[in-house]
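S.K.:
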C-alpha cells in the first residue's frame, strides 16, 4: 500500500548525505520537514491536500528515516542543523527550486530556523511547529523540563552510551513510550504510518538521532549564540500545541520568536506536540493562508 498516494518516492544525493523524500503536486514549492523520532510521513494528514496547491516536498532529515547517516564528526558538525539545512537546500535545488517555502516540526523546525539564517535568499516564507528557539529550550531545562524533555540531555551523552541503551529495547515499545510522553494518545496515527515509524527506529536512525542531539547541545548552541543579533526578514509562522510542553511551559512562544524574526504570527492549536497529525485541519488552514493567499499578495 502506498502510504502517501500521488507522491513520487525518490532519493537525492547532496554534498553530505543521501536524502529520501516524497514529492508531488504543482504550484509554489513547499518543503516539509519532520521531527524526532519520526520521518517525512508524519506529514501524511496534510501533504496530500497541500499538493492540490503546491509542489510539496516531504523529506527525511539526515540520520532519520531512509536518509543516510554519515559517521559523526568529532565536533558533531555534520549532524548540526546547519548541515541538515544544507542538505535540504540542495534537495530543493535538485528539484528545480532556488527559492521555496519551508515548514518544519520539532527537529525539522530547528532545521528551518537555521536554514532561514544560513540561506535567507532561498526561503520565501517559513513555519516552525511546536518549538521555541534552541537556546531558550536549553535555558528552560529545569527539573520539569528535564523530566518532560528527558531525551534532550540523555541523547546528548557521549557515544555510544545512549545508542546502546536505545538499541536494547523493542522499537514498538520505545515509540509508544516516547510519543505518549508528548501526546494524549496515538489515535491520530494510522496503522500503516505507525508501522513506518517503528520500521525506521533502528541502529542507523538511533545513531543519527543521537548525533543530532549531541550537536544540539554543542555546535548548534555556538552557532545560535553567534547569530543572536540577527532577526529573520522573511515572514515566520509559529504554531504549537496547547497541551504540549511548549504550550504549558512557555508563557509567550510568539514573543520568543519575535526576538529572532521581524514578521511573526501564529497561535496555539488543540492537541499536544504532534500538531501536524493531531490538528491537521487547523494546520492546513494556516498553511493555505500563510503560504498561499498571503504570499501571493507580497
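Residue numbers (this note's numbering): 39 to 336. Even glycine gets a Cβ: it sits at the ideal position worked out from N, Cα and C.
How close, in whole Å, do the beta carbons of residue 234 and residue 77 come, if the pair is a contact with beta carbons under 8 angstroms?
M.R.: 6 angstroms
S.K.: How many Å lie between residue 252 and residue 196 at the Cα?
M.R.: Those two C-alpha atoms are separated by around 8 angstroms.
S.K.: The alpha helix (DSSP H) with residue 211 in it runs from where to where?
M.R.: 209–218
S.K.: Please identify the residue among 278, 265, 250 and 298 whose C-alpha is closest to the C-alpha of residue 272.
M.R.: Nearest option by C-alpha distance: 298.
S.K.: When the Cβ atoms of the segment 218–225 are set against those of the segment 84–102, are three or more pairs found closer than 8 angstroms?
M.R.: no
S.K.: Could you work out which residue in 176, 141 and 175 is closest to residue 164 when comparing CA atoms only?
M.R.: 141
S.K.: Is residue 207 buried or exposed, if buried means 16 or more other CB atoms sit within 10 Å of its CB?
M.R.: By the neighbour-count rule (16 or more Cβ atoms within 10 Å), residue 207 is not buried but exposed.
S.K.: With distances taken between CB atoms, is the gap from residue 49 to residue 41 smaller than 8 angstroms?
M.R.: no
S.K.: Is it the case that the Cβ atoms of residue 160 and residue 137 are separated by a distance below 8 angstroms?
M.R.: yes
S.K.: For residue 237 and residue 101, I'd like the C-alpha separation in whole angstroms.
M.R.: Answer to the nearest angstrom: the Cα atoms are 14 angstroms apart.
S.K.: Just to confirm, is the Cβ distance from residue 152 to residue 120 under 8 angstroms?
M.R.: Their beta carbons are under 8 angstroms apart, which means residue 152 touches residue 120 by this criterion.
S.K.: Is DSSP giving residue 257 helix, strand or coil here?
M.R.: helix
S.K.: Would you report the Cα separation of residue 46 and residue 133, rounded to the nearest angstrom?
M.R.: 12 angstroms
S.K.: DSSP puts residue 48 in a beta bridge; with which residues?
M.R.: 59
S.K.: Sort 64, 277 and 114 by Cα distance to residue 316 and report the nearest one.
M.R.: 277
S.K.: Should residue 263 go down as buried or exposed, given a rule of 16 or more other Cβ atoms within 10 Å for buried?
M.R.: exposed
S.K.: Can you tell me the Cβ-Cβ gap for residue 193 and residue 248, rounded? I've got them flagged as a contact below 8 angstroms.
M.R.: 5 angstroms
S.K.: Take the Cβ of residue 266 as the centre, count every other Cβ of all protein chains shown within 10 Å, and call the residue buried at 16 or more, exposed below.
M.R.: exposed
S.K.: When burial is assigned at 16 or more other CB atoms within 10 Å of the CB, is residue 55 buried or exposed?
M.R.: buried
S.K.: Which residues in the same chain as residue 245 place their Cβ atom closer than 6 angstroms to its Cβ, once the five residues preceding and following it in sequence are excluded?
M.R.: 107 and 201
S.K.: Residue 169 by DSSP, collapsed to three states: which one?
M.R.: Here DSSP, grouped into helix, strand and coil, assigns residue 169 to coil.
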